[in-house]
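Protein chains in written order, with this note's numbering: chain A, 251 to 765; chain B, 1065 to 1704.
Positions of the beta carbon are idealized from the N, C-alpha and C atoms, including for glycine.
Keep in mind that this is a model prediction, so the values were computed, not measured.
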């Protein structure tokens, strides 16, 4: 079973989702929870069976799809994707379990299970075409979630989300096709296997164009400034569960793809574009943090803060050294946990008051002390306090980039100031002061169902903040492989200098074959 | 011995978690008593460690577990008990034990009693992490941890707008400084390859001076935030919104001295860059005078003491900057005792006066609050630096350091500040405890605090009186680690002139304060007197208009810029562009759909038009292909 665990992880939720159509409406909830829990335990089993001393791919499976064009179903997992897959399974589980009163709950759960297939698929895929298929398919369930269960502007928001990201992906598809063509020219064989592409050393000018093509697709997904405007609409209109999955997992597809594709395929172009991208990331960090401060709606604050933190992830990725990339992968997990939890928390208050305007609240700390405590913890994690999960990632990302540029890191470090400003201001507006609105006087505190989602997230937030080693070590091993590969592939002097050599043995054959 | 280390470190955490268990339930005494006992345990453990370190000179170094490890970076949770950290541990645990016990009485009637102790003990734990860590990252954990607890405690009465505002201000201002600290840490890592104190300091002498200078500057920026040095000082006075035990513990004795601790800890670095040290000393001297001047006129009892704290921190930085690290640490210790005592006394007065803070509305309280009166007077004497109390030994030493190091301007500034310190301290004492019973006009019936609160304060009183006696023993211990420079004025005559002169000056200042503020004519100022309308007074009472400036030109600008970014840039430019592009496609479709209206004659027209376009394109390309050679020569002839 372990040989096919990735395929099981990918297709089990989808099959179960299809079966879900015949399940009785009343038992749908328990059915959904059961499926998601099985999936989550399978993911944990994957972690358990995973060898964290191996930097390369594990649990690989390969099935030929279109042999003439080298399109195969290839999946595999390494330290970089492992934890995002686990996180996806985890969030689907707690998301379904803590689902509040929802109309058409059956459809919602089926949609979520399909969404889970596409998420796991994206992070496990090692063939560009398979990757692309899952990447695009993931848009559909989310489109449906926003469009069917969203707020008043849901059609606009969901269409915008779909078309915007879809347009970006098409450019990426062109990049994928060209990459395969170059591979064909170099070797006489068609292949879409990412691992085989890794062996190809392209001239710098080719790299730059391909990098740009991929960049458009990834940057919109992340979303990077100035491609970020679909996100506030999507979050603003999406139901709680939609926002949680979107922030926690779907956004990570973009940053993950940078590490899976852009860095190892185009090391010289990565160095070439390092500073422009860093500047974009810094604008993202500071500018969106300021926009977040101007918001009146708590969900928009969290949405923009999410963009701001993604900036730090991008920065860490383009540090191009082990510290930075490990930090950015870890921050992906951390951001998933923390911003997912924050969206849950927003959902809690929205369910009670049916408004997200901060001016409607005030003084909630005395009415809902447990809610205020958990919110406070997540707030502190979001501003990156040490011993919370976010700090580890943020610290390492910034530390890594400091090697590349002092002044840009100093600017990016403003993240810790502006982040504190909007978060504390929002917390003060919602929780402190006297209760001004009558409706808030008797709000019930968080209930068991909500705690089911929030407590585990709170525990992870603190646990991985204090003891990140089990995750960090595994990520580190795989990232070392990536960095070493990049160093060996790099052509230009500049790139050789910027990307450190680690003197470790990676799959040497790949480098040799590439000659 | 490790057991004592872990006990000292973790019992505050246990206490905090214990109190937090009761967080949501109504007030129960046990939530205050257990953390206090655990802090007592922590203090005793620290005492054992102190004795051990003093007797044997051994230091204890443990590594509990790995925190972060990636690439070449390796950060453990490591703790060290050496001469410097054990001093801090004693100060922290002693003062916090006293404050905890005191607070059981002080917070007696507060609904948030349990929550208070959870925060307070959590603070002590963070502070212990800060002083005991063996690496910069661990220090940063404590550094941020105390910031968090300070936020929670300043804003403890969260229903008060001013309290939550002050809490956020403190947090954000500290964050600005923390960025500096973080950059300092990055610099250390990439230049020395480690964040462990020992190894990093060992690698530093071989580094370039420019790099070292930047390290020193950035670390000091971090220190400036926590220790509220100019221009990041405004949060400290506003932090007085928190409950008074918090002010005593956090904003007088411990957290605000973290910056001094950092500079002392990093002494191998600052020894290599004397220029930065001189800057630190000058800034310290400036802040000492600057803060003291604001304390002269302020009408809020707690704020006066806060400015006094700020001023004394300036003294400590002056000493540390001049390389007299042990002197700075000694003053830090002595100051912790008498300043915490002063704050706790102020807490008693506040309770008696039903949270009235204006000393002009008090007067004559000495008669009803004997214990508090004696304690606050002695604490003020110690603060003023009168022989033989603690302040005399520690503060005069700083003056001597400045004199011996030939920094006469710093010396003069600090000397002047000593006079001001004596003046404002006794202005406060005189206004509160002497003179007419002005409080009677406000219908207040003051009473002395609980007896156990006074008993709890007594260790501080004792230490404020006798701490000077430890000077030489302390010197012998701590100089195992810090540079052992003894500061003696070369000629005995100069020494005696200086010492007696300083004493006379200070006593004169005290006498003047007494004379001015015990008189029967003291009225509650109502803004009409000539003095209150003078420019100098207005400048001082408005804190040199610095908070005003921050509010109007930085906070407001930031808020407005944020608004603009959102409404103008994000919506009107970035998003509008995206929608505009989408709209182009949409409109094109919308406009051109008439072509396919189904009307035969229209469609025929379009068909003909299309044919013409296609044919002409075919002709053009055909011609171009045939004559490509000629075109090329033609174009090259044009110089294209």
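| query | Taking three-plus beta-carbon pairs below 8 Å as touching, is the region 481-499 of chain A in contact with the region 584-598 of chain A? | reply | yes
| query | With 16 as the cutoff for other CB atoms within 10 Å, does residue 1484 (chain B) come out buried or exposed? | reply | buried
| field | Collapsed DSSP secondary structure at residue 1701 (chain B) in the structure displayed | value | helix
| Looking at the unbroken beta strand (DSSP E) that takes in residue 432 (chain A), where does it start and where does it end? | Segment 404-437 is the alpha helix (DSSP H) holding residue 432 (chain A); no beta strand (DSSP E) there.
| task | Measuring only between beta-carbons, confirm whether residue 506 (chain A) sits less than 8 Å from chain B. | result | no
| Across which residues does DSSP place residue 314 (chain A) in a beta bridge pair? | A:322
| Neighbouring residues, chain B, relative to residue 675 (chain A) (Cβ below 8 Å) | 1232
| query | Is there at least one Cβ from chain B nearer than 8 Å to residue 481 (chain A)'s Cβ? | reply | no
| said: 8 Å is my cut-off, CB to CB: does residue 1218 (chain B) come that close to chain A? | reply: no
| field | Touching by the beta-carbon criterion (3+ pairs, under 8 Å), the region 547-567 of chain A and the region 644-655 of chain A | value | yes
| message | Check this for me: beta carbons of residue 466 (chain A) and residue 421 (chain A), under 8 Å apart or not? | response | yes
| message | Bridge partners for residue 1125 (chain B) per DSSP, in chain order? | response | B:1144
| field | Beta bridge counterpart(s) of residue 607 (chain A) as assigned by DSSP | value | A:547
| message | Using only the alpha-carbon positions, how far apart do residue 410 (chain A) and residue 551 (chain A) sit? | response | 20 Å
| message | Let me see if you follow: with CB-CB separation under 8 Å, is residue 541 (chain A) close to chain B or not? | response | yes
| Hey, is residue 1236 (chain B)'s beta-carbon within less than 8 Å of any beta-carbon in chain C? | Among the protein chains in the structure shown, which are A and B, there is no chain C.
| Residues of chain A with a CB under 9 Å from the CB of residue 1340 (chain B): which are they? | By Cβ distance, chain A contributes nothing, its closest Cβ being about 18 Å from residue 1340 (chain B), past 9 Å.
| said: Using only CA atoms, which one of B:1663, B:1140 and B:1435 lies nearest to residue 1497 (chain B)? | reply: B:1435
| task | For residue 1130 (chain B), collect the residues of the same chain with a Cβ closer than 7 Å to its Cβ; drop the 5 residues on either side in sequence, then sort them by chain order. | result | 1140
| Residue range of the alpha helix (DSSP H) that includes residue 452 (chain A) | Unbroken run through residue 452 (chain A): none, as it is neither H nor E.
| said: Please state whether the Cβ-Cβ distance between residue 261 (chain A) and residue 440 (chain A) is less than 8 Å. | reply: no
| message | Going by beta-carbon coordinates alone, are residue 636 (chain A) and residue 1204 (chain B) separated by less than 8 Å? | response | yes
| If you draw a straight line from the C-alpha of residue 1429 (chain B) to the C-alpha of residue 1312 (chain B), how long is it? | 21 Å
| Residues of the region 1180-1194 of chain B with Cβ closer than 7 Å to any Cβ of chain A, in chain order | none
| query | Buried or exposed: which applies to residue 759 (chain A), given that a residue is buried once 16 or more other Cβ atoms fall within 10 Å of its Cβ? | reply | Residue placement at residue 759 (chain A) is flagged as unreliable, the pLDDT there being 40, under the threshold of 50; the coordinate-derived value follows with that caveat. Result: exposed.
| query | For residue 1235 (chain B), does the three-state DSSP call read helix, strand or coil? | reply | helix
| said: residue 1308 (chain B) and residue 1170 (chain B) - do their beta-carbons sit closer together than 8 Å? | reply: yes
| Using the C-alpha atoms, what's the distance from residue 1302 (chain B) back to residue 1615 (chain B)? | 13 Å
| query | Listed in chain order, which residues of the region 607-618 of chain A have Cβ atoms closer than 9 Å to some Cβ of chain B? | reply | 613, 615 and 616
| Which residues, in order along the region 1121-1140 of chain B, keep a beta-carbon less than 8 Å from a beta-carbon of chain A? | 1129, 1130, 1131, 1132, 1133, 1134, 1135, 1136 and 1137
| request: Using 10 angstroms around the beta-carbon of residue 713 (chain A), count the other beta-carbons present and answer buried if the total reaches 16, otherwise exposed. | output: exposed
| query | Is DSSP giving residue 327 (chain A) helix, strand or coil here? | reply | strand
| field | Positions along the region 1239-1270 of chain B whose CB lies within less than 7 Å of some CB in chain A | value | 1239, 1240, 1242, 1243, 1246, 1247, 1250, 1253 and 1254
| said: I'd like to know whether the C-beta atoms of residue 380 (chain A) and residue 338 (chain A) end up nearer to each other than 8 Å. | reply: no
| query | Which term fits residue 1515 (chain B), buried or exposed, when burial requires 16 or more other beta carbons within 10 angstroms of its beta carbon? | reply | exposed
| message | Quick check on this structure: which residue in B:1390, B:1273, B:1398 and B:1378 has the alpha carbon closest to the alpha carbon of residue 1339 (chain B)? | response | B:1273
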